[in-house]
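**Student:**
In full-length UniProt numbering, the protein residues as written are 1 to 329.
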């Protein structure tokens with residue numbers, strides 16, 4: 001089968017020639033004496049109507065792209081770190097505003113709505129409070145649009161006083177089987193947006209699909225106890241990050257098969273032994289300040305096959321105690 005001549009019917013060149021011909025006719029008509037434009041010569045008017053019908057029937061190349069390819073292009077517009085903030089100026093909300101077809105494709109692409117990254121804003125000013133109800137409704141819609149894909153939640157709550165509708169908690173509870181990743185950062189009790197008992201009662205899990213958990217919690221023993229109590233019995237947990245002065249012994253994560261652990265806290269040699277015993281499949285490991293007192297703590301005979309190790313103060317002493325043949329960096 002040969003290549004069609006440049007101006008064969010249906011080729012891009014032919015389509016362009018039809019547009020140019022229509023533009024020429026319209027320009028000719030516009031140059032007529034205004035007094036006679038209502039009486040356009042019949043042959044010009046017939047040509048204009050014929051060409052207008054042809055041009056109007058064109059299917060532009062972008063509209064012929066398969067839905068699957070457009071969906072993949074949309075996914076490439078998401079942040080590389082996977083944290084998607086709900087903003088009308090960013091994907092996926094921005095994509096859903098371009099045209100009806102793009103909106104239909106965006107709403108039908110569940111992977112676009114898997115992640116929800118939200119920072120609580122101060123509610124000291126009354127005029128900000130309605131936005132919290134709106135964000136709760138948006139969060140619910142976001143999870144529903146994910147269409148049963150695994151979900152990711154990033155919730156930050158910095159210093160200050162905050163309010164948030166209980167609807168946010170209800171959404172977390174309603175989709176408990178679908179949460180795959182959670183990152184919760186709470187700096188102090190005054191910043192906590194809910195009654196702590198209500199919080200844990202409403203979203204106590206179980207989070208059976210949770211594979212990644214990152215917790216940053218200020219030095220609030222009661223809050224710590226309640227929050228961590230929610231994350232027991234996580235059979236799929238693989239990656240765990242713990243920040244802000246929490247002892248590993250306070251983390252009731254059961255017998256989770258961790259393969260990645262990051263502790264930005266002070267740990268003892270006894271903690272290290274406990275880590276190696278409980279999580280023999282660890283590969284990446286990050287440890288904060290290591291306490292070598294008492295120095296007589298026995299060193300375990302077998303260690304996980306660590307490929308990556310990040311150490312805080314005391315790291316050199318740690319390396320002197322443990323043989324790590326699989327370490328790459």
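The beta-carbon is built from N, C-alpha and C at its ideal position, and this holds for glycine as well.
Could you pull the DSSP bridge partners for residue 185 from this structure?
**Tutor:** Partner residues in the beta bridge of residue 185, as assigned by DSSP, are 156 and 216.
**Student:** Identify which residue in 207, 148 and 276 has its Cα closest to the Cα of residue 306.
**Tutor:** 276
**Student:** Once DSSP output is grouped into helix, strand and coil, what is the label at residue 11?
**Tutor:** Note: residue 11 maps to coil in three-state DSSP.
**Student:** What are the start and end residues of each continuous beta strand (DSSP E) run of 3 or more residues lying completely inside the segment 46 to 127, in chain order?
**Tutor:** 115 to 119
**Student:** Determine the contact status of residue 238 and residue 208, defining contact as a CB-CB distance below 8 angstroms.
**Tutor:** No Cβ-Cβ contact shorter than 8 angstroms links residue 238 with residue 208.
**Student:** Do residue 74 and residue 54 have their beta-carbon atoms positioned less than 8 angstroms apart in this structure?
**Tutor:** no
**Student:** Within 10 angstroms of its Cβ, does residue 43 collect 16 or more other Cβ (buried), or is it exposed?
**Tutor:** exposed
**Student:** Suppose the cutoff is 7 angstroms on Cβ atoms and the five residues either side in sequence are ignored; what does the same chain contact list for residue 111 look like?
**Tutor:** 75 and 149
**Student:** Using DSSP with H/G/I as helix, E/B as strand and the rest coil, what is residue 285?
**Tutor:** Here residue 285 sits in strand by DSSP.
**Student:** Among all the DSSP beta bridges, which residues are the ones paired with residue 290?
**Tutor:** In the DSSP secondary-structure assignment, residue 290 is bridged to 267.
**Student:** I'd like the list of long-range same chain contacts for residue 286, defined as Cβ closer than 6 angstroms, with 5 residues on each side in sequence excluded.
**Tutor:** Around residue 286, the same chain offers 262 and 310 as residues with beta carbons nearer than 6 angstroms, after the five sequence neighbours per side are excluded.
**Student:** Measure the alpha-carbon distance for residue 87 versus residue 77 and round it to whole angstroms.
**Tutor:** 13 angstroms
**Student:** Would residue 109 pass as an interface residue toward chain D - the criterion being a Cβ-Cβ separation below 8 angstroms?
**Tutor:** Here chain D cannot be found, since the structure has a single protein chain.
**Student:** Residue 23: buried (16+ other C-beta within 10 angstroms of its C-beta) or exposed?
**Tutor:** exposed
**Student:** With DSSP as the reference, label residue 130 as helix, strand or coil.
**Tutor:** With a pLDDT of only 45 at residue 130, under the threshold of 50, the placement of this residue in the model should not be trusted, and no figure is reported.
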